[in-house]
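Asks: What follows is a single structure, and I will ask about it in a moment.
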Amino acid sequence: MIGDPLAGYYAGAAGMRMVDMLGGINPSLRKAIVLRARYMDDYARQSIKAGCTQVVLMGAGYDSRYWRIDEFRNVSIYELDLESTQLVKKSLTRRKLGYLPRNVKYIPIDFSRQSMTRKLKDAGFKNHKKTLFIWEGVSLFLNLDIVLEILGRLKEMGDGNRLVFDFVPPELIDDETNYIGNRKLIQLCASIKEPLTFGCHPDKIRKFLQMLGYSNIEIMSMREAHQLYLGSDQIEDCYYFVTAECGGFINHDSSQKNNGNGNNMIIQS
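Going by the working numbering, the first residue of the sequence shown is number 36, and it counts up by one from there.
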């Protein structure tokens, strides 16, 4: 489904062992990673063709889309992540290719402490240009307040922008599911100090996005993505993918907001 010249190199032996470990816990998890990447790649291509001239990768990590999506060569790319992660990534890229892409800007940030909008502005980001925001594999490690704050700030950065991100259902977070190996997954994430903290039902995600002013909201389950790309729905629905556009009717009904309990990070139905 994906041809990527650098993903394995960035991951290294340790990263590949982690992927194998996830596959051992639940084969659906390994497929989910590939399906998610393919779905977001396709949306990125569509968005650039629709006029997006800037792409922001939030929590970019070792994302290697630049090397597998030709359209990324002709737009401005902004990668946001911890400085320590970016230093390693840039070093690996230089070692492998001898250079860093001229149209990619690496912006060090701690999302819990620093302003994303300020960081982007300082790096040359243009609010008047149509932008795609890619937020992959991040939300499940945050808390509800931060998720809503980030979604709200993205909406404020201009109508016509696009967003794609992923989330998991709350059952996966609170271990109230029959997913294969779910408890092992929770324990694994906790052991590497990346605990799973945010889960949400699709209807709640849709309501939150509508409340914040997003439009053209599309939510695809992993089962639907598996059917789309592989012609079969025989897979557990442990992931959801979302696309949305900034703009449209804003629902000011405060009843859709969280209840203010900062300790309850799982949105229940």
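Built from N, CA and C at the ideal position, the CB exists for glycine as well.
Since residue 169 is in the beta strand (DSSP E), which residue starts that stretch and which ends it?
Replies: Position 134 of the sequence shown, counted from the start, is the residue given in the question as residue 169. Unbroken beta strand (DSSP E) run through residue 169: 166-170.
Asks: For the beta strand (DSSP E) holding residue 88, just list the boundary residues, first then last.
Replies: Sequence index remark: in the sequence shown, residue 88 carries index 53 (1-based). No residue range can be given for residue 88, since it is assigned to no beta strand (DSSP E) and is classified by DSSP as neither H nor E.
Asks: Does DSSP put residue 228 in a helix, a strand or coil?
Replies: The sequence position of residue 228 within the sequence shown is 193, counting from 1. Of the three classes helix, strand and coil, the one that applies to residue 228 here is coil, per DSSP.
Asks: Inspect the beta-carbon positions of residue 162 and residue 192 and report whether they are closer than 9 angstroms.
Replies: Reading the sequence shown from its first residue, position 127 is the one you call residue 162. Reading the sequence shown from its first residue, position 157 is the one you call residue 192. Taking 9 angstroms as the Cβ cut-off, residue 162 and residue 192 qualify as a contacting pair.
Asks: By alpha-carbon positions, which one of 202, 197, 195 and 84 ends up nearest to residue 173?
Replies: Locating residue 173 in the sequence shown gives position 138, where the first residue counts as 1. That would be 202, whose Cα lies nearest to the Cα of residue 173.
Asks: Can you list, in chain order, the residues of its chain with a C-beta nearer than 8 angstroms to that of residue 110? Leave out the 5 residues immediately preceding and following it.
Replies: Here residue 110 is taken as the residue at index 75 of the sequence shown, counted from 1. For residue 110, the CB contacts under 8 angstroms within the same chain, skipping 5 residues up- and downstream, are 83, 87, 88, 89, 90 and 138 in chain order.
Asks: Can you tell me where the beta strand (DSSP E) with residue 256 in it begins and where it stops?
Replies: The residue you call residue 256 lines up with position 221 of the sequence shown. Looking at the DSSP string, the run of the beta strand (DSSP E) that includes residue 256 is 249-256.
Asks: Classify residue 198 as buried or exposed, calling it buried when 16 or more other Cβ atoms lie within 10 Å of its own Cβ.
Replies: Here residue 198 refers to the residue found at position 163 when the sequence shown is read from its first residue. With 16 or more other Cβ atoms within 10 Å, it is buried.
Asks: Considering just the uninterrupted stretch of the beta strand (DSSP E) at residue 153, what are its terminal residues?
Replies: As a first step, residue 153 must be located in the sequence shown, where it is residue number 118. It is not in any beta strand (DSSP E) - residue 153 instead sits in the alpha helix (DSSP H) that spans 151-157.
Asks: Please classify residue 249 as buried or exposed, where buried requires at least 16 other C-beta atoms within 10 Å of its C-beta.
Replies: The residue given as residue 249 occupies position 214 in the sequence shown. Answer is buried; the Cβ neighbour count reaches 16.
Asks: Thinking just about the alpha-carbon of each residue, which of 62, 49, 59 and 71 is nearest to the one in residue 37?
Replies: As a first step, residue 37 is located in the sequence shown; it is residue number 2 there, counting from the start. For residue 37, the nearest C-alpha among the options comes from 71.
Asks: Looking at the structure shown, is residue 279 part of a helix, part of a strand, or coil, going by DSSP?
Replies: By 1-based counting over the sequence shown, the position of residue 279 is 244. In this structure, residue 279 counts as strand in the three-state DSSP scheme.
Asks: With residue 154 and residue 169 assumed to form a contact (beta carbons below 8 angstroms), what rounded beta-carbon distance in angstroms separates them?
Replies: Working through the sequence shown from its first residue, we reach residue 154 at position 119. Working through the sequence shown from its first residue, we reach residue 169 at position 134. Wrong, their Cβ atoms sit about 16 angstroms apart, outside the cutoff.
Asks: Decide if residue 251 is buried, meaning its Cβ has at least 16 other Cβ atoms within 10 Å, or exposed.
Replies: Sequence index remark: in the sequence shown, residue 251 carries index 216 (1-based). That one is exposed.
Asks: Reducing DSSP to helix, strand and coil, say where residue 290 ends up.
Replies: By one-based count along the sequence shown, residue 290 stands at place 255. Residue confidence is low: residue 290 scores 34 on pLDDT, short of 50, so the model does not pin down where it sits. No coordinate-derived value is stated.
Asks: Just reading off the alpha helix (DSSP H) that residue 129 is part of, what are its end residues?
Replies: Start at 1 with the first residue of the sequence shown, and residue 129 comes out as number 94. From DSSP, the alpha helix (DSSP H) with residue 129 extends over 118-132.
Asks: Using only the alpha-carbon positions, how far apart do residue 46 and residue 175 sit?
Replies: To locate residue 46, count along the sequence shown from 1; it is residue 11. To locate residue 175, count along the sequence shown from 1; it is residue 140. Approximately 21 angstroms between the Cα atoms of the pair.
Asks: Only counting the same chain, and skipping five residues up and downstream in sequence, which positions put a Cβ closer than 6 angstroms to that of residue 302?
Replies: Your numbering for residue 302 matches position 267 in the sequence shown. Unreliable placement is indicated for residue 302, whose pLDDT of 34 sits below 50; the coordinate value is still reported in the next sentence. These residues qualify, in order along the chain: 235 and 239.
Asks: Output needed for residue 40: all residues of its chain with C-beta closer than 6 angstroms, excluding positions within five of it in sequence on either side, in chain order.
Replies: As a working mapping, residue 40 is identified with position 5 in the sequence shown. For residue 40, where only same-chain residues beyond five positions count, the Cβ hits under 6 angstroms are 102.
Asks: Less than 9 angstroms between the C-beta atoms of residue 204 and residue 237, yes or no?
Replies: Taking the first residue of the sequence shown as 1, we reach residue 204 at position 169. Taking the first residue of the sequence shown as 1, we reach residue 237 at position 202. Contact: yes.
Asks: Between the Cα of residue 223 and those of 57, 129 and 116, spot the shortest distance and give me the residue it belongs to.
Replies: Residue mapping note: residue 223 aligns to position 188 of the sequence shown, counting from 1. It is 57 whose Cα lies nearest to the Cα of residue 223.
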